[in-house]
Amino acid sequence: MWARRAWSSLAVAGTAWGAGELDERRHRVAQADGAAAPGSDARVFTKAEVAEHTTADKGIWVTYKEGVYDITSFIKNHPGGQDKIVLAAGQSVEPFWRIYQQHYNSKLPLELLAPLRVGTLDPSEAREEVDSSDPYSTDPERHPALTFHNKKPCNAELPATLQLQDWRTPAPLWFIRHHHPVPDLDAATHTLSLGGNGVDEPLVLDMDLLKCLPKAQIDATIQCGGNRRSGLNPFGKTSGIAWGTGAISNASWGGARLSDLLNLVGICSPEDAEEHGIKHVIFLATDGLQASIPIEKALNPFGDVLVAWEMNGEPLPREHGFPLRVVVPGVVGVRNVKWVNEIRLSSEEAEGTWQRGISYKGFPPHIKDFKNVDVAAVQSMQDLPVQSAIASPLPGATVLVDGEDDIVTVEGWAYSGGGRGIVRVDVSYDGGKNWYVAELGEGKDQNPMRSWAWTFWSIDLPLPPDVASRDSVEVCCRATDATYGTQPERPEPIWNIRGLNNVSWHTVKLNLQRTPEEDEAA
Ligand code: HEM
Ligand SMILES: Nc1nc2c(c(=O)[nH]1)N[C@H]1C(S)=C(S)[C@@H](COP(=O)(O)O)O[C@H]1N2
Ligand SMILES: [Mo]
């Protein structure tokens, strides 16, 4: 299956896992009868002590229930891949296993763990005190696999290791981009008010009424405008979170079409909009954020803008807007307003920094501060440009080579705004002198005019002939979308002070290592 290929690149050192090896281990474990080594649960550790064990030299430890395990020797044999299992280093495997339930479908994972037990978690450890005066004290618990940039407000990305695991990102792993504490709203009392130009009396809908509208189901990726910002920082400091490639995720969304809602209040056509001077649709949220989109996108039934109450078939989680968020497919993250309680039709864009201010505007590279800059004259971001990234191998991974027909399996995702489908992804090992065309995977069959979700890709990339005499290689990718527009090569020429839209070729440096002779003989 496509999504499972991430660990199968046998060229990457250490991830090789033969079926025979697994059987042998099963056998050995059966002999040990799943029992822990004698006395191995007698030592007691605090969570903080376990958390220090995240490197091979100290030993990589995890916990399961009250047990503490040293998994250092098992890591390279993990059927789900080395990169994934180390995400749990120093902490409990349970949040990971709740997502990857394979671990509960057989006894094998626990049987493998049993002989690795080194102790027991300290049962007397006090639970962390909750400071109820902290406005963030009611934020939801978050999955430890996320890469956290901040906790208050929470900003966290989907790590590259997990980007390709599921085409529809599981909700607990979805990237998080908040500007405030997470509202705690009650679906039973929550309402959405629809008013502004052309509407005499605002229409107020509760959740039950909203759900009477025809329900649409749309696969849509959301990407923050700052995704890959960290790639611009070497060329000048930018302001904002230094995102890697993970300020992006994909889900299936269920909800009412915004165009249907507009029709309800009598705005059905371009003429209606013009008559009432409606140019923008503003979304306001209970946390104080507001943003707007042009009426052209909002009214277009093919634009698929949703007022959504479902994510991957479940009610929205609090983190992602419960009970109601706007999903504006193809458009920069910030317009996808969570916890929305008001929609306002207007001749003007939304007020505030996220729309009219500097937050999501692209300035030319020579602008290094905002003195003498006419911010209002610069257009705010809407549709996103074409983007792609390599998710596997990770930067710095080691590839075994022997100089004869060496390949490395490279996998990633590509996405473009405006519903533009991905027509091609090219991958190169020499900075673009030679390109190889990747195979498109999940997402490739979307309507090319309404491709709201990302497309996965994969390639067995040949390595250059001189690979055996080098110690590294840089692999890069670029995607082409339905306009035949493609990504720029370098980040410098598109550097901008807010660090937005870094869509330069994504490059990953890999280390090369000669295959040891004895391995070749085996
Ligand atoms: C530390 C203890 C762990 C043990 C002993 C363990 C063991 C295993 C075993 C035995 C399988 C094969 C399951 C089967 O299909 O029968 C498996 C698969 C898998 N594991 Fe783990 N695992 C551990 C931790 C993790 C963690 C922390 C992750 C985090 C993401 C993870 C992700 C996966 C995935 C995605 C697969 C499925 C691979 C595929 O089918 O393509 N595992 N693991
Ligand atoms: N109400 C509200 N909506 C919001 C935000 C916010 O802070 N508050 N953040 C925005 C930004 S900048 C992005 S990138 C996306 C992130 O959505 P996610 O947290 O569900 O990934 O939500 C947007 N909608
Ligand atoms: Mo964002």
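Those letters in the sequence shown? Residues 0 to 521, per numbering that gives the first Met the number 0, in order. Just so you know, even glycine gets a beta-carbon here, dropped at the ideal spot from N, CA and C.
As a quick exercise: from 263, 262, 513, 286, pick the residue whose alpha carbon is nearest that of residue 400. Per the Cα distances, 513.
Whose CB is closer than 5 Å to a heavy atom of ligand 3? List the residues in chain order. Counting only residues whose CB is nearer than 5 Å to a non-hydrogen atom of ligand 3, the list in chain order is 176, 223, 332, 333.
With hydrogens ignored, establish whether the beta-carbon of residue 105 is closer than 6 Å to any heavy atom of ligand 1. Relative to the non-hydrogen atoms of ligand 1, the Cβ of residue 105 comes within a distance shorter than 6 Å of at least one.
What three-state label does DSSP hand residue 314 in the structure shown? It is a strand residue.
If we call anything under 7 Å between Cβ atoms a contact, is residue 508 one with residue 394? Their beta carbons are under 7 Å apart, which means residue 508 touches residue 394 by this criterion.
Using beta-carbon positions only, say whether residue 266 and residue 280 come within less than 7 Å of one another. No.
With 16 other Cβ atoms within 10 Å as the buried cut-off, status of residue 142: Per the 10 Å Cβ criterion, buried.
If I measure Cβ to Cβ from residue 274 and keep anything under 8 Å in the same chain, skipping five residues before and after, which residues do I get? Counting only Cβ-Cβ distances below 8 Å, and skipping sequence neighbours, we find 197.
Taking 6 Å as the cut-off, is the beta-carbon of residue 83 closer than that to any non-hydrogen atom of ligand 1? Because some heavy atom of ligand 1 lies under 6 Å away, the Cβ of residue 83 counts as near it: yes.
What runs of the beta strand (DSSP E), each 3 residues or longer, lie entirely inside the region 104-192? Whole beta strand (DSSP E) segments, 3+ residues: 116-120, 146-150, 153-156.
DSSP state of residue 279, grouped into three classes? Collapsing the DSSP output to three states places residue 279 in a strand.
Roughly how far, in whole angstroms, is the beta-carbon of residue 384 from the beta-carbon of residue 500, given that I think they are within contact range, below 8 Å? Rounded, the Cβ-Cβ distance is 6 Å, consistent with contact.
Which same chain residues end up closer than 7 Å to residue 136 when comparing Cβ atoms and leaving out the 5 residues on each side of it in sequence? In chain order, 129, 130 place their CB closer than 7 Å to the CB of residue 136, counting only its own chain and leaving out the 5 sequence neighbours on each side.
Looking at C-alpha atoms only, which residue of 413, 492, 339 is the closest neighbour of residue 452? Relative to the Cα of residue 452, the nearest Cα in the group 413, 492, 339 belongs to 413.
Continuous beta strand (DSSP E) assignments of at least 3 residues falling wholly in the region 448-483: Entirely contained in the region 448-483, the beta strand (DSSP E) runs reaching 3 residues are, in chain order, 454-461, 471-480.
Three-state secondary structure (DSSP) at residue 319? In the structure shown, the three-state DSSP call for residue 319 is helix.
Since residue 305 contacts residue 221 with CB under 8 Å, what's their CB separation in whole angstroms? Not really, about 12 Å apart at Cβ, beyond 8 Å.
Starting from residue 360, follow its DSSP beta bridges and name the residues at the other end. According to DSSP, residue pairing for residue 360 in a beta bridge involves 379.
Can you tell which of 167, 487, 66 has its C-alpha closest to the C-alpha of residue 313? Here the closest residue by C-alpha is 167.
Look at the Cβ atom of residue 239, then the Cβ atom of residue 225, and state whether they are nearer than 7 Å. Going by C-beta atoms, residue 239 is nearer than 7 Å to residue 225.
Contact set for residue 119: own chain, Cβ-Cβ below 8 Å, skip 5 residues either direction: Around residue 119, the same chain offers 40, 41, 42, 43, 44, 65, 66, 67 as residues with beta carbons nearer than 8 Å, after the five sequence neighbours per side are excluded.
Among 461, 396, 440, whose alpha-carbon lies nearest the alpha-carbon of residue 402? Measuring from the Cα of residue 402, the nearest candidate turns out to be 461.
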